[in-house]
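S.K.: One structure, pasted below without further comment.
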Amino acid sequence: MQYTLSEIDSIAHTFVKEVLPHSHRVILFQGAMGAGKTTFIRSLCKALGVKDIVSSPTFSLVNEYQGNPERIFHFDLYRIEDEAEALDFGIEEYWQGNDWCFIEWGERIPTLLPEAYSEFVFTLIDDITRDISIIHHPTV
């Protein structure tokens with residue numbers, strides 16, 4: 003699915019209605035630096051009812067937001083050195099609940115991912131256009 007940056011809020015609302023109900027609760031947001039992962043998560047959180055300012059948890063590793071009615075955990079694993087560091091802050095415990103877990107740079111913890119997760123893969127088409135591919139593991 004292709005979209006422009008001016009359409010991002012509309013696309014996020016579409017995802018909440020049509021994509022998230024068929025997705026796993028743990029979602030990896032994959033793509034190159036600058037592909038729009040954090041920007042899309044910000045719009046997705048807004049569409050899920052988050053009233054707080056959504057920012058990248060690059061230094062805190064995880065931010066928690068209260069949606070309406072569900073909680074969202076937003077992870078940015080860019081700075082972790084290895085999977086042991088993710089284990090140290092209890093990342094696997096987050097998978098146990100029924101909350102949304104949005105993970106940037108999830109490829110840094112391949113053996114810690116739950117059996118069931120979804121991937122939203124972002125491709126930069128040009129300065130304002132992005133493409134999102136959706137992959138479910140296993141298929142939903």
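Residue 137 in our numbering sits at position 135 of the sequence shown, and the numbers go up by one each step.
Positions of the beta carbon are idealized from the N, C-alpha and C atoms, including for glycine.
Take Ile82 and list the residues in its own chain whose beta-carbon comes closer than 6 Å to its own, dropping the five residues that flank it on each side.
M.R.: Ala88, Arg110
S.K.: Take Tyr80 and list the residues in its own chain whose beta-carbon comes closer than 8 Å to its own, dropping the five residues that flank it on each side.
M.R.: Thr60, Glu106, Trp107, Arg110
S.K.: To which residues of the same chain is Thr113 closer than 8 Å at the C-beta, ignoring the five residues directly before and after it?
M.R.: Glu85
S.K.: Checking 8 Å against the spacing of the C-beta atoms, do Thr41 and Ile10 come in under that value?
M.R.: Inclusion of Thr41 and Ile10 in the CB contact set at 8 Å is warranted, their separation being smaller than that value.
S.K.: What residue range is occupied by the uninterrupted alpha helix (DSSP H) comprising Leu46?
M.R.: Per DSSP, Leu46 belongs to the alpha helix (DSSP H) from 39 to 49.
S.K.: Can you give me the start and stop residues for the beta strand (DSSP E) that Ser12 sits inside?
M.R.: From DSSP, Ser12 is part of no beta strand (DSSP E) but of the alpha helix (DSSP H) over 10 to 16.
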